[in-house]
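In our numbering, the protein residues as written are 113 to 210.
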């Protein structure tokens, strides 16, 4: 989560993706689709993803999203709560910063 503002985090949580660049919107839509039960990436979404990412990129990105979804569902079984690593007003290190 490098470089996300509080407003961007809130927008993602609320499903408001309009202010994000098209590649990020496609990835956010993919992550939502993978978190659905049953998970399903539509042909339309896949075409949009392929406009921005290679097949290899998508394999890695989908794997990362699937792993996080797995961890979230696993944590629910054992009632694992948040570590509260994010709080409003937190400043993230910017992309590319050392």
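Built from N, CA and C at the ideal position, the CB exists for glycine as well.
Exposed or buried, residue i, counting other C-beta atoms within 10 Å across all chains shown (16 or more means buried)?
i           : result
residue 184 : exposed
residue 160 : buried
residue 179 : exposed
residue 113 : Its pLDDT being 42, under 50, residue 113 is placed unreliably by the model, and nothing is read from it.
What residue from the options has the CA that sits closest to residue i's CA?
i           : options               : result
residue 143 : 175, 193 and 194      : 175
residue 182 : 138, 147, 116 and 140 : 147
residue 135 : 118, 115, 145 and 163 : 163
residue 151 : 195, 131 and 177      : 177
The stretch 118-125 contacting the stretch 151-169, beta-carbon criterion three pairs below 8 Å: no
Any 3 or more C-beta pairs closer than 8 Å across the stretch 184-196 and the stretch 165-172: no
Alpha helix (DSSP H) runs contained entirely in the stretch 151-208, provided each spans 4 or more residues: 155-164 and 167-189
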